[in-house]
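Protein sequences appear in the order of chains D and R. Read the first sequence against the numbering used here and you will find it ends at 179, with the numbers running on by one and no gaps. Read the second sequence against the numbering used here and you will find it ends at 593, with the numbers running on by one and no gaps.
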Amino acid sequence: MSFLDTEFTDGNIVVAKLEDLLNWSRLSSLWQVSFGLACCAIEMMATSASHYDFDRFGVIPRPSPRQADIIIISGTVTLKMATRIKRLYEQMPDPKYIISMGSCSNCGGPYWEHGYHVLKGIDRVIPVDVYVPGCPPRPEALLEGLLKLQEKIRNESLVKKAV
Amino acid sequence: MKNAEELFNIIKENFSSSSIELKTDLPTEAIIIVPALEIDKITMFLKDSSELLFDSLVNLSGVDEIKAGLLSVYYHLESTSLKHKILLKVTTDRNKPEVVTVTEVWKSADWHEREAYDMFGIIFINHPDLRRILMPYDWDAGYPLRKDYENPEFYQGMKVPY
């Protein structure tokens with residue numbers, strides 16, 4: 017929770033840092049690319065559905081990468097798909113964030129040794145912000161991953177490089 | 432409904448000049464081994480003959496028999512009306528793996544044969560569209576399910592091994 021998330025009762029002028037306002041608005045409406053790969057995508061869809069309701073954190077699937085802020089790599093990334101994911105990522109406008117969901121996209125998962133067609137981790141192609149472990153991760157784990165990403169965005173700075 | 436031996440005898444009668452073999456000493460179902468360059472004629476007969484009517488190609492798969500220096504293709508056939516089944520096998524030389532296509536007999540063989548080509552490098556003669564189906568079209572590191580296959584270090588600048 018940041019200063020801007022609190023309830024204001026007195027007066028109608030709020031003084032805040034520009035940085036805080038930018039970060040707060042960014043982290044409160046993270047639109048994701050409507051994009052799923054494997055069984056993790058089923059969990060991601062469950063997270064978006066009414067029971068877990070991703071929308072309450074401002075996550076709405078967008079049909080185009082050009083309207084999106086985050087991309088959730090939800091499943092096994094084959095070498096054939098990796099080239100397409102790279103193109104999707106490059107089409108997203110800055111600032112853009114990546115959640116790597118599940119063992120496959122983290123490090124290759126069960127295909128790490130004999131998966132002749134699997135990329136052993138999406139971070140070999142695009143930079144990852146948050147890794148969510150699990151095979152597949154439950155919706156709670158994906159929500160936790162998103163909250164971690166929001167925390168990361170909250171601490172971003174216009175002048176200092178984010179850590 | 433006919434058993435493997437009866438089916439074998441029918442094929443043998445109609446293709447007396449070809450070398451056709453029946454293997455029954457197996458823990459699985461019996462295998463009928465036929466020549467790779469006549470598989471199209473034999474399967475066409477199996478499909479059209481009124482006493483056999485093998486209208487369904489259940490599965491078609493490649494097998495690498497590296498110790499014998501062979502690549503094989505197995506055909507699981509079934510007749511949905513007469514309820515009998517058959518397992519055909521063809522073998523071909525590993526250095527020049529050529530088998531005649533059965534796409535003229537069953538359209539479903541098209542993608543099965545493309546997969547066998549993609550994974551084992553078996554060339555299906557007269558196939559209408561013999562391209563890779565699962566691996567990328569520009570994959571030039573060989574055929575992944577061959578026993579002596581080795582994964583490349585890189586594909587399009589991406590490191591492949593763990």
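Ideal Cβ placement from N, Cα and C applies to all residues, glycine included.
Point to revise | Within 8 Å, strictly: CB atoms of residue 168/D and residue 139/D | key: For residue 168/D and residue 139/D, no; Cβs fall outside 8 Å.
Check your understanding: Mind checking if residue 40/D is an interface residue toward chain R, Cβ cutoff 8 Å exclusive?
Key -> It does not; no Cβ of chain R falls within 8 Å.
Point to revise | Contacts around residue 166/D, its chain only, beta-carbon distance under 7 Å, and the 5 residues preceding and following it disregarded | key: 43
Exercise for review: List the whole-angstrom C-beta distance separating residue 488/R from residue 506/R, where the pair is believed to meet the contact cut-off of C-beta under 8 Å.
Suggested key: 7 Å
Point to revise | Whole-Å CB distance - residue 556/R paired with residue 532/R, under 8 Å assumed | key: With 8 Å as the limit, residue 556/R and residue 532/R qualify as a contact, their Cβ atoms being about 6 Å apart.
**Study point:** Residue-level contact to chain D via CB, residue 582/R, 8 Å cutoff
**Key:** yes
Exercise for review: Could you say which of 527/R, 545/R, 572/R and 570/R lies nearest to residue 559/R if we only look at CA atoms?
Suggested key: Shortest Cα-Cα distance from residue 559/R to any of 527/R, 545/R, 572/R and 570/R involves 545/R.
Check your understanding: What residues in the region 74-102 of chain D bring their beta carbon closer than 7 Å to a beta carbon of chain R?
Key -> 95, 96, 98 and 99
**Study point:** Cross-strand partners of residue 117/D (DSSP beta bridge)
**Key:** 90/D and 148/D
Point to revise | Secondary structure of residue 460/R, DSSP reduced to three states | key: coil
Exercise for review: Would you kindly work out how many angstroms separate the C-alpha atoms of residue 112/D and residue 82/D, rounded to a whole number?
Suggested key: 10 Å
Check your understanding: How should residue 543/R be labelled, buried or exposed, when 16 other C-beta atoms within 10 angstroms of its C-beta is the threshold for buried?
Key -> So residue 543/R counts as buried.
Check your understanding: If you measure beta-carbon to beta-carbon, which residues of the region 453-475 of chain R are closer than 9 Å to chain D?
Key -> Taken residue by residue, none of the region 453-475 of chain R has a beta-carbon sitting less than 9 Å from a beta-carbon on chain D.
Exercise for review: Could you name the residues that DSSP lists as bridge partners for residue 507/R?
Suggested key: 490/R and 518/R
Practice item. Please state whether DSSP places residue 127/D in a helix, a strand or coil. Key: helix
Practice item. Mind checking the region 123-143 of chain D against chain R and listing, in chain order, the residues whose C-beta falls within less than 7 Å of any C-beta there? Key: Closer than 7 Å at the C-beta level to chain R, one finds these residues of the region 123-143 of chain D: 124, 128, 129, 132, 133, 135, 136, 140 and 141.
**Study point:** Start-to-end residues for the alpha helix (DSSP H) that takes in residue 159/D
**Key:** 155-170
Point to revise | Spatial distance of residue 27/D from residue 19/D (CA atoms) | key: 16 Å
Point to revise | Interface flag, residue 593/R vs chain D, CB-CB below 8 Å | key: yes
Exercise for review: Flag this pair as yes or no: are the beta carbons of residue 80/D and residue 56/D separated by less than 8 Å?
Suggested key: Going by C-beta atoms, residue 80/D is not nearer than 8 Å to residue 56/D.
**Study point:** C-alpha gap between residue 520/R and residue 156/D, whole angstroms
**Key:** 51 Å
Point to revise | Chain-ordered neighbours of residue 550/R on chain D, where CB pairs are closer than 8 Å | key: Within chain D, no C-beta atom comes nearer than 8 Å to that of residue 550/R; the closest sits roughly 10 Å away.
Point to revise | Burial state of residue 10/D, where buried means 16 or more other Cβ atoms lie within 10 Å | key: Outside the shown range of chain D, which is 17 to 179, sits residue 10/D, and nothing can be said about it.
Check your understanding: Going by alpha carbons, who is nearest to residue 47/D out of 96/D, 172/D and 115/D?
Key -> 115/D
Point to revise | Nearest to residue 98/D (by Cα), restricted to the options 131/D, 135/D, 75/D and 117/D | key: Answer by Cα proximity: 135/D.
Exercise for review: Assign residue 133/D to buried or exposed, taking buried as 16 or more other Cβ atoms, counted over all protein chains shown, within 10 Å of its Cβ.
Suggested key: A buried status is given to residue 133/D, since no fewer than 16 other beta-carbon atoms sit within 10 Å of its beta-carbon.
Check your understanding: In chain order, what residues of the same chain have a beta carbon less than 7 Å from the beta carbon of residue 151/D, not counting five sequence neighbours either side?
Key -> 118, 119 and 125
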